[in-house]
Amino acid sequence: RQLLESLGIHLPEISDPTFATDPRIRSSAFTFPSFMMAIGWHYPAFEPECLGLNLAIEMSGLGSGYQHVVESMRQAGIDPLIAELHLSIDNLASGHARRARDAIVLYLENISRTEGPPRVADAWNRIHQGFLSYQVGLVGIGFQILSRFLMSGALKFSK
337 RQLLESLGIH
347 LPEISDPTFA
357 TDPRIRSSAF
367 TFPSFMMAIG
377 WHYPAFEPEC
387 LGLNLAIEMS
397 GLGSGYQHVV
407 ESMRQAGIDP
417 LIAELHLSID
427 NLASGHARRA
437 RDAIVLYLEN
447 ISRTEGPPRV
457 ADAWNRIHQG
467 FLSYQVGLVG
477 IGFQILSRFL
487 MSGALKFSK
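Numbering-wise, the numbering used here comes out as the position in the sequence shown, counting from 1, plus 336.
Here it is, written out as structure tokens:
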């Protein structure tokens with residue numbers, strides 16, 4: 337909300353019914369969050385997929401990805417605080433990405449112990465599907481955001 341406000345975008349409170357119908361918010365912006373809520377709501381049935389999805393979300397902050405986002409935001413005159421925060425908390429040494437990885441290791445160890453080693457491959461395949469769902473879920477809205485941003489002319493490329 338702070339980032340949007342800094343850009344002069346004032347939206348209704350999320351609890352206000354007009355938030356969901358605000359014409360500035362594309363309906364596709366609700367697709368991935370709805371998927372995340374649905375899979376989370378049915379966590380017992382989709383635990384391995386949730387673990388994979390969580391790992392993908394946390395790993396998206398690793399490497400140079402967020403560093404490029406921070407630089408692009410700065411070039412466009414946008415406060416990059418949210419991306420900078422993710423850089424500091426989504427790390428494989430001790431951050432959210434590490435915890436996501438550790439949760440998967442514990443889950444697979446538990447499957448091996450309770451259901452037997454042959455079931456670990458099945459569990460891993462489900463974790464992998466959850467991991468892949470992150471990319472699939474964000475493709476549509478990602479392209480829309482990128483194209484809108486590029487068409488605005490706000491992004492400046494440095495040489």
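Yeah, the Cβ is synthetic: ideal placement off N, Cα and C, and Gly gets one too.
Note that the structure is a prediction, hence the values are computed from the model and not measured.
For ASN461, the three-state secondary structure derived from DSSP is helix. Minimum Cα-Cα distance from VAL405 among the listed residues GLU420, SER364, ASP458, LEU428 corresponds to GLU420. For TYR379, the three-state secondary structure derived from DSSP is coil. Taking the Cα of PHE467 as reference, the smallest distance to any Cα among PRO369, ASP358, SER396 is reached at SER396.
By the C-beta density criterion, LEU417 is exposed, having fewer than 16 other C-beta atoms within 10 angstroms. A distance below 6 Å between beta-carbons, with the five flanking residues on each side excluded, links LEU389 to the following residues of its chain, in chain order: GLY466, SER469, TYR470. Taking the CA atoms as reference points, TYR402 sits about 23 Å from ILE345. Taking a C-beta distance under 9 Å as the contact criterion, ILE361 and PHE368 do not qualify as a contact pair. In the structure shown, PRO416 adopts coil according to DSSP, grouped into three states.
HIS432 is classed as buried because its beta carbon has at least 16 other beta carbons within 10 Å across all chains shown.
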